[in-house]
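*Asks:* Protein chains in written order, with UniProt numbering: chain A, 1 to 192; chain B, 1 to 192.
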DNA sequence: CGCTAACGTGAATGAGCGTTAACTACCACC
DNA sequence: GGTGGTAGTTAACGCTCATTCACGTTAGCG
């Protein structure tokens, strides 16, 4: 019979600590023993919870992508007006980036270390998320063509995802309004 | 007697190919043999040109940081007006990011893999470069306090450095004006 | 011509690491 | 109270990889 753990699942604990370590040292810079030590068990115990080190990374990245896409779809369903939708997307994404800087870091640094099927999965989810932004930008008349809209969307992500670089010496209460204002202004500027 | 190579130095060749490979697979994802193969020699030949794999990375990252800082100082010397200086900085940085996306990628992904003294060196150079931006932003009255100015500077870097993410399926002629316009607008928006 | 230094090569070494195996303790449940 | 599944442990295996070594080859220069 499957025993359900009452406390925070060991799985979650491992995912959290692994994210911290991956963010700091990179996927190949962290050993299985290192992750184990961070959660208070040792080495191969991780194989009770994940099929492999790559499998752990896969679950992490797929989780992030699904979370972002779900949030995006939710906003898209709520807002018919593209300008209002963009504002909601900016708020949502900024909040996530400020709350989970490690996940942001791992997401765009270690995608290349995924085994092929998972990588395709993540790429697909990411593409769908970008598409929400691109579509909103075009409907709002804020981009001259699809290519420009795509550049603008990635640029907005880069801006909002800059938190890991300035985090540590910055409080979120200061960073959040600055990032939101900058992103909104940047998006409005695309066509010139 | 030191023989001077007439063709492009083998050193340069190695640095270029290593940058490409590091950008695609990460520092630990590339082997010495792999780098050697990319330049047509095999494996340990690299030790004729660099003291170690980490030494190679160090030279690469220090080179980038010095180049950026030099460019920043040059612009700062040319423009007394902080707004004009910011425009020049944006143009300079965007141009670099579009021309050398691999270097940008490696710079902010593999800093952690540097041996300690080099890492300190790079961090110092980066800090000085950021300081030029922060100073200009404050003199231009475009940021409410130093903390906000620092967040804004990093956000601008994130925006301009987004090129590696959208590059490949985007032409620089399209991306450049979009990025410049977005960055300028973003910087003007900080205080609200 | 012959010395020397630069530049390569291929094989050997040794460490680190992901993964597997064999085995143990605990806890829920019939 | 025994049984089975969950979650650990330590030891061992095998592979990859950075680094070193012993050794060739070329090309300038006195």
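Quick reminder that beta carbons are idealized off the backbone N, C-alpha and C, glycines included.
How many angstroms separate the CA atom of residue 121 of chain B from the CA atom of residue 8 of chain A?
*Replies:* In the second chain, the residue the question calls residue 121 of chain B occupies position 121. In the first chain, the residue the question calls residue 8 of chain A occupies position 8. So the two alpha carbons sit approximately 42 Å from each other.
*Asks:* Is residue 150 of chain B close to chain A? Criterion is C-beta to C-beta, closer than 9 Å.
*Replies:* Numbered from its first residue, the second chain carries residue 150 of chain B at position 150. Closer than 9 Å: yes.
*Asks:* According to DSSP, is residue 134 of chain B helix, strand or coil?
*Replies:* Sequence index remark: in the second chain, residue 134 of chain B carries index 134 (1-based). Looking at residue 134 of chain B - three-state DSSP - the assignment turns out to be helix.
*Asks:* Quick one: using the 10 Å Cβ neighbour count with 16 as the cut-off for buried, is residue 17 of chain A buried or exposed?
*Replies:* Here residue 17 of chain A corresponds to residue number 17 of the first chain, with the count starting at 1. The residue in question, residue 17 of chain A, is buried, as its Cβ has 16 or more Cβ neighbours within 10 Å.
*Asks:* Could you tell me which of A/104, A/109, A/42, A/54 sits nearest to residue 116 of chain A, measuring between CA atoms?
*Replies:* The residue you call residue 116 of chain A lines up with position 116 of the first chain. For the residues A/104, A/109, A/42, A/54, the minimum Cα distance to residue 116 of chain A belongs to A/54.
*Asks:* At a CB-CB cut-off below 7 Å, which residues of chain B make contact with residue 18 of chain A?
*Replies:* By one-based count along the first chain, residue 18 of chain A stands at place 18. Correct list: empty, because the minimum Cβ distance to chain B is about 16 Å.
*Asks:* Nearest-angstrom Cα distance between residue 37 of chain A and residue 118 of chain B?
*Replies:* Here the question's residue 37 of chain A lines up with position 37 in the first chain. Here the question's residue 118 of chain B lines up with position 118 in the second chain. Cα to Cα, the separation comes out at about 28 Å.
*Asks:* Does the CB of residue 170 of chain B have a neighbour CB from chain A at under 9 Å?
*Replies:* Counting from 1 along the second chain, the entry for residue 170 of chain B is found at position 170. Judged by the 9 Å Cβ criterion, residue 170 of chain B is in contact with chain A.
*Asks:* Indicate whether at least one CB of chain B lies closer than 9 Å to the CB of residue 8 of chain A.
*Replies:* The residue given as residue 8 of chain A occupies position 8 in the first chain. No, residue 8 of chain A does not count as interfacial toward chain B.
*Asks:* On the three-state DSSP scale, how would you describe residue 113 of chain A?
*Replies:* Working through the first chain from its first residue, we reach residue 113 of chain A at position 113. In the structure shown, residue 113 of chain A sits in a helix (DSSP, three-state: H, G or I).
*Asks:* Are there 16 or more other CB atoms within 10 angstroms of the CB of residue 93 of chain B, so buried, or fewer, so exposed?
*Replies:* Here residue 93 of chain B refers to the residue found at position 93 when the second chain is read from its first residue. It counts as buried.
*Asks:* For a minimum of 4 consecutive residues, which ranges assigned as the alpha helix (DSSP H) are wholly contained in the region 3-89 of chain A?
*Replies:* 10-25, 32-39, 53-78, all fully within the region 3-89 of chain A.
*Asks:* Nearest to residue 147 of chain A by CA position, among B/160, B/162, B/128, B/171, is which residue?
*Replies:* Locating residue 147 of chain A in the first chain gives position 147, counting from the first residue. Answer by Cα proximity: B/171.
*Asks:* Quick check on this structure: which residue in B/25, B/89, B/64, B/176 has the alpha carbon closest to the alpha carbon of residue 104 of chain B?
*Replies:* Counted from its first residue, the second chain places residue 104 of chain B at position 104. Among B/25, B/89, B/64, B/176, the Cα nearest to that of residue 104 of chain B is on B/64.
*Asks:* In this structure, how does DSSP classify residue 1 of chain B when only helix, strand and coil are distinguished?
*Replies:* Counting from 1 along the second chain, the entry for residue 1 of chain B is found at position 1. Note on residue 1 of chain B: pLDDT 39, under 50, position unreliable in the model; the coordinate value appears next. It is coil, neither helix nor strand.
*Asks:* Among A/100, A/68, A/153, A/114, which has the Cα closest to the Cα of residue 165 of chain A?
*Replies:* Reading the first chain from its first residue, position 165 is the one you call residue 165 of chain A. Closest by alpha carbon: A/100.
*Asks:* Only counting the same chain, and skipping five residues up and downstream in sequence, which positions put a Cβ closer than 8 Å to that of residue 62 of chain A?
*Replies:* Locating residue 62 of chain A in the first chain gives position 62, where the first residue counts as 1. Answer for residue 62 of chain A: 118, 121, 122, 125, listed in chain order.
*Asks:* Just to confirm, are residue 163 of chain B and residue 175 of chain B a CB contact at a threshold of 9 Å?
*Replies:* Residue numbering aside, residue 163 of chain B sits at position 163 when the second chain is read from its first letter. Residue numbering aside, residue 175 of chain B sits at position 175 when the second chain is read from its first letter. Cβ atoms of residue 163 of chain B and residue 175 of chain B: closer than 9 Å.
*Asks:* Following the continuous alpha helix (DSSP H) through residue 166 of chain B, name the residue where it begins and the one where it ends.
*Replies:* For the purposes of this step, residue 166 of chain B is taken as the residue at position 166 of the second chain. Counting along the chain, the alpha helix (DSSP H) containing residue 166 of chain B begins and ends at 163-166.
*Asks:* If residue 69 of chain B sits next to residue 27 of chain B, beta carbons under 8 Å apart, how far is it from one beta carbon to the other, in whole angstroms?
*Replies:* In the second chain, residue 69 of chain B corresponds to position 69, counting from 1. In the second chain, residue 27 of chain B corresponds to position 27, counting from 1. Between residue 27 of chain B and residue 69 of chain B the Cβ distance is about 23 Å, and since that is not below 8 Å, they are no contact.
*Asks:* Count the CB pairs spanning the region 132-140 of chain B and the region 130-144 of chain A that are closer than 8 Å, and state whether there are at least three.
*Replies:* Counting Cβ pairs under 8 Å, fewer than three are found: no touch.
*Asks:* Whose CA, out of B/189, B/178, B/151, lies closest to the CA of residue 173 of chain A?
*Replies:* The residue given as residue 173 of chain A occupies position 173 in the first chain. Of B/189, B/178, B/151, the residue nearest in Cα terms is B/151.
*Asks:* Considering only C-alpha positions, which residue in the set A/19, A/180, A/154 is nearest to residue 168 of chain B?
*Replies:* In the second chain, counting from the first residue as 1, residue 168 of chain B sits at position 168. When each option's Cα is compared against that of residue 168 of chain B, the closest is A/154.
*Asks:* Is the beta carbon of residue 83 of chain B less than 9 Å from the beta carbon of residue 180 of chain B?
*Replies:* Numbered from its first residue, the second chain carries residue 83 of chain B at position 83. Numbered from its first residue, the second chain carries residue 180 of chain B at position 180. Their beta carbons are not under 9 Å apart, which means residue 83 of chain B does not touch residue 180 of chain B by this criterion.
*Asks:* What's the call for residue 47 of chain B, buried or exposed, on a 16-neighbour Cβ count within 10 Å?
*Replies:* Position 47 of the second chain, counting from 1, holds the residue named residue 47 of chain B. The residue is exposed, with fewer than 16 neighbouring Cβ atoms inside 10 Å.
*Asks:* Verify the CB distance criterion: does residue 134 of chain A have a CB-CB separation below 9 Å to chain B?
*Replies:* In the first chain, counting from the first residue as 1, residue 134 of chain A sits at position 134. No, no contact with chain B.
*Asks:* The region 85-108 of chain B: which residues have C-beta closer than 8 Å to a C-beta of chain A, in chain order?
*Replies:* Per Cβ criterion, the list reads 108.
*Asks:* Comparing C-alpha positions only, which one of A/129, A/25, A/41 sits nearest to residue 73 of chain A?
*Replies:* Working through the first chain from its first residue, we reach residue 73 of chain A at position 73. It is A/129 whose Cα lies nearest to the Cα of residue 73 of chain A.
*Asks:* Exposed or buried, which one is residue 75 of chain B when buried takes at least 16 other CB atoms within 10 Å?
*Replies:* Your numbering for residue 75 of chain B matches position 75 in the second chain. Buried, by the Cβ-count rule.
*Asks:* Give the range of the alpha helix (DSSP H) segment to which residue 169 of chain B is assigned.
*Replies:* Within the second chain, residue 169 of chain B is the residue found at index 169, counting from 1. Neither: residue 169 of chain B is in no alpha helix (DSSP H) and is coded neither H nor E.
*Asks:* Which residue comes first and which comes last in the alpha helix (DSSP H) that contains residue 152 of chain B?
*Replies:* Locating residue 152 of chain B in the second chain gives position 152, counting from the first residue. From DSSP, the alpha helix (DSSP H) with residue 152 of chain B extends over 146-160.
*Asks:* Would DSSP call residue 142 of chain B helix, strand or coil?
*Replies:* Within the second chain, numbered from 1, the residue matching residue 142 of chain B stands at position 142. Coil.
*Asks:* Beta-carbon of residue 75 of chain B versus every beta-carbon of chain A: anything under 9 Å?
*Replies:* The count along the second chain starts at 1 and reaches residue 75 of chain B at position 75. So, not an interface residue.
*Asks:* Using a C-beta to C-beta distance shorter than 8 Å, which residues of chain B count as neighbours of residue 179 of chain A?
*Replies:* Counted from its first residue, the first chain places residue 179 of chain A at position 179. Those are 151, 155, listed as they occur along chain B.
*Asks:* Could you give the DSSP three-state label for residue 107 of chain A: helix, strand or coil?
*Replies:* Stepping through the first chain from its first residue, residue 107 of chain A is reached at position 107. Here residue 107 of chain A sits in helix by DSSP.
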